[in-house]
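Engineer:
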Amino acid sequence: MMAMLGKLCDTMQSLQCPTSGKYIYMYPANPTMIHTFVLENISQPHEIHIALFKDVSNAAFLRDQLLAGNEAFEYAFIDAATVVSIAHALAAAHQAVHSSILLQKTRTRNVHSEIVFSLSPTNNISEAFRRFGVSPTTSTLLCIKVSTATKPFLTDDIWNHLQEVVDGTPVAFTNDEISSLTEWSKVAKNYKILRPTQTTDLKEVELQVLGKLVMRAVG
Numbered sequence: 003m004m005a006m007l008g009k010l011c012d013t014m015q016s017l018q019c020p021t022s023g024k025y026i027y028m029y030p031a032n033p034t035m036i037h038t039f040v041l042e043n044i045s046q047p048h049e050i051h052i053a054l055f056k057d058v059s060n061a062a063f064l065r066d067q068l069l070a071g072n073e074a075f076e077y078a079f080i081d082a083a084t085v086v087s088i089a090h091a092l093a094a095a096h097q098a099v100h101s102s103i104l105l106q107k108t109r110t111r112n113v114h115s116e117i118v119f120s121l122s123p124t125n126n127i128s129e130a131f132r133r134f135g136v137s138p139t140t141s142t143l144l145c146i147k148v149s150t151a152t153k154p155f156l157t158d159d160i161w162n163h164l165q166e167v168v169d170g171t172p173v174a175f176t177n178d179e180i181s182s183l184t185e186w187s188k189v190a191k192n193y194k195i196l197r198p199t200q201t202t203d204l205k206e207v208e209l210q211v212l213g214k215l216v217m218r219a220v221g
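Counting from 1 along the sequence shown, just add 2 to a position and that's the residue number in the working numbering.
In structure tokens, the structure reads:
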């Protein structure tokens with residue numbers, strides 16, 4: 003377990019130095035709010051496209067599309083209030099890609115729903131979707147799309163589609179923006195940790211959250 007936690011710590015360092023760790027960050031070639039990461043420490047590289055929205059007003063519609071199995075809406079739609087950092091989101095994406103695409107041991111419908119499930123510290127699928135997935139009242143939304151060699155998606159196409167279907171304000175996918183949207187009471191409840199205060203080091207909170215994900219993965 004400690005070895006896996008160490009790898010996640012390395013992940014956070016690699017986000018600051020994109021070419022040294024398990025993720026390569028690709029800055030957008032055009033002025034969009036899509037951010038692309040390449041998972042490079044698995045047998046087949048996978049691109050992870052991520053967009054962050056606030057002031058979302060049509061979450062109920064987006065949730066209905068997921069429940070209906072609309073393939074055009076095949077994303078991981080996550081309540082951004084439950085996410086603490088870039089590393090938190092990427093750890094879930096990495097675990098989901100590893101489980102559902104490489105090991106073919108998915109517990110949910112597809113790799114995108116598996117990302118939502120992978121955010122949970124427990125194996126209760128319905129609870130994971132209730133706590134981390136988009137709900138009718140969601141107002142901040144993290145959208146993740148996985149692109150593979152067999153099922154590729156272009157960044158521009160993803161961004162254009164999200165602009166059409168998400169009624170909200172796009173913001174940069176940065177740790178500062180994420181933490182400004184995080185509801186720390188939700189994080190404390192979901193991961194059974196102490197609620198952060200103004201003097202709490204958020205990196206310590208991040209480590210606690212990532213540790214919970216590791217414990218579930220090896221449990």
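Idealized CB from N, CA, C, for every residue including glycine.
Excluding the 5 residues flanking residue 204 on each side, which residues of the same chain have their C-beta closer than 8 Å to its C-beta?
Structural biologist: By one-based count along the sequence shown, residue 204 stands at place 202. Around residue 204: 86, 87, 181 and 198.
Engineer: So, at 6 Å on beta carbons, what are the nonlocal neighbours of residue 55 in its own chain, with the 5 sequence-adjacent residues on each side left out?
Structural biologist: Indexing the sequence shown from 1 puts residue 55 at position 53. Cβ neighbours of residue 55 beyond the five flanking positions: 143, 168, 170 and 172.
Engineer: Rank 118, 211 and 89 by C-alpha distance to the C-alpha of residue 79 and give the top, closest one.
Structural biologist: The residue given as residue 79 occupies position 77 in the sequence shown. Residue 118 is the option with its Cα nearest to residue 79.
Engineer: Please classify residue 71: does DSSP put it in a helix, a strand, or coil?
Structural biologist: Within the sequence shown, the letter at position 69 stands for residue 71. In this structure, residue 71 counts as coil in the three-state DSSP scheme.
Engineer: Let me confirm a value: residue 99 is counted as buried when at least 16 other C-beta atoms fall within 10 Å, else exposed. Which label applies?
Structural biologist: As a position in the sequence shown, residue 99 is number 97, starting the count at 1. Residue 99 is buried by the Cβ-count criterion.
Engineer: Beta-carbon within less than 6 Å of residue 208's beta-carbon, same chain only, minus the 5 sequence neighbours each way: which residues are those?
Structural biologist: Taking the first residue of the sequence shown as position 1, residue 208 is located at position 206. Correct list, in chain order: 86 and 87.
Engineer: Can you look up residue 36 in the DSSP assignment and give me helix, strand or coil?
Structural biologist: The residue labelled residue 36 in the question sits at position 34 within the sequence shown. Three-state result, residue 36: coil.
Engineer: Report yes if the CB atom of residue 148 is closer than 8 Å to the CB atom of residue 81, and no otherwise.
Structural biologist: Taking the first residue of the sequence shown as 1, we reach residue 148 at position 146. Taking the first residue of the sequence shown as 1, we reach residue 81 at position 79. Contact: no.
Engineer: Could you tell me which residues DSSP puts in a beta bridge with residue 144?
Structural biologist: Here residue 144 refers to the residue found at position 142 of the sequence shown. Bridge partners of residue 144: 54 and 80.
Engineer: Count the CB pairs spanning the segment 119-132 and the segment 147-162 that are closer than 8 Å, and state whether there are at least three.
Structural biologist: no
Engineer: State the DSSP-derived secondary structure class of residue 213, mapped to helix, strand or coil.
Structural biologist: For the purposes of this step, residue 213 is taken as the residue at position 211 of the sequence shown. Residue 213 falls in the helix class under three-state DSSP.
Engineer: Below 8 Å on the Cβ atoms is my contact criterion, and I expect residue 94 with residue 215 to pass it. Report the Cβ-Cβ distance as a whole number of Å.
Structural biologist: Stepping through the sequence shown from its first residue, residue 94 is reached at position 92. Stepping through the sequence shown from its first residue, residue 215 is reached at position 213. Correct: roughly 7 Å between the Cβ atoms.
Engineer: On the three-state DSSP scale, how would you describe residue 42?
Structural biologist: Translated into the one-based positions of the sequence shown, residue 42 becomes position 40. Residue 42 falls in the coil class under three-state DSSP.
Engineer: Run the CB neighbour count on residue 211, radius 10 Å, all protein chains shown included, and call it buried at 16 or more, exposed below.
Structural biologist: Along the sequence shown, read from residue 1 onward, the residue named residue 211 stands at position 209. Label assigned to residue 211: buried.
Engineer: Just to confirm my understanding: we take residue 114, look at its own chain, exclude 5 residues before and 5 after, and list those with CB closer than 6 Å. What are they?
Structural biologist: As a first step, residue 114 is located in the sequence shown; it is residue number 112 there, counting from the start. Closer than 6 Å at the Cβ level, and outside the excluded window around residue 114, lie 76, 77 and 78.
Engineer: Have a look at the DSSP bridge pairing and note the partners of residue 172.
Structural biologist: Within the sequence shown, residue 172 is the residue found at index 170, counting from 1. Note: residue 172 sits in a beta bridge opposite 55.
Engineer: Go ahead and pull the three-state DSSP assignment for residue 49.
Structural biologist: Residue mapping note: residue 49 aligns to position 47 of the sequence shown, counting from 1. Three-state DSSP puts residue 49 in a strand.
Engineer: CA-CA distance, residue 140 and residue 42?
Structural biologist: Counted from its first residue, the sequence shown places residue 140 at position 138. Counted from its first residue, the sequence shown places residue 42 at position 40. In a straight line, the C-alpha of residue 140 is about 32 Å away from that of residue 42.
Engineer: Spatial neighbours of residue 159 within its chain, please: CB distance less than 7 Å, with the 5 preceding and 5 following residues excluded, ordered by chain position.
Structural biologist: The residue given as residue 159 occupies position 157 in the sequence shown. Nothing meets the Cβ criterion.
Engineer: Nearest-angstrom Cα distance between residue 96 and residue 192?
Structural biologist: Here residue 96 corresponds to residue number 94 of the sequence shown, with the count starting at 1. Here residue 192 corresponds to residue number 190 of the sequence shown, with the count starting at 1. Residue 96 and residue 192: Cα-Cα distance of roughly 20 Å.
Engineer: I believe residue 50 touches residue 63 by the beta-carbon criterion, under 8 Å. Please report the beta-carbon distance rounded to the nearest angstrom.
Structural biologist: The sequence position of residue 50 within the sequence shown is 48, counting from 1. The sequence position of residue 63 within the sequence shown is 61, counting from 1. Not really, about 24 Å apart at Cβ, beyond 8 Å.
Engineer: May I ask which residues mark the beginning and end of the alpha helix (DSSP H) holding residue 118?
Structural biologist: As a working note, residue 118 is residue 116 in the sequence shown. From DSSP, the alpha helix (DSSP H) with residue 118 extends over 113-120.
Engineer: Thinking just about the alpha-carbon of each residue, which of 83, 187 and 156 is nearest to the one in residue 177?
Structural biologist: Indexing the sequence shown from 1 puts residue 177 at position 175. Ranking 83, 187 and 156 by Cα distance to residue 177 puts 83 first.
Engineer: What's the gap between the Cα of residue 116 and the Cα of residue 187?
Structural biologist: In the sequence shown, the residue the question calls residue 116 occupies position 114. In the sequence shown, the residue the question calls residue 187 occupies position 185. When rounded, the distance between both Cα atoms is 24 Å.
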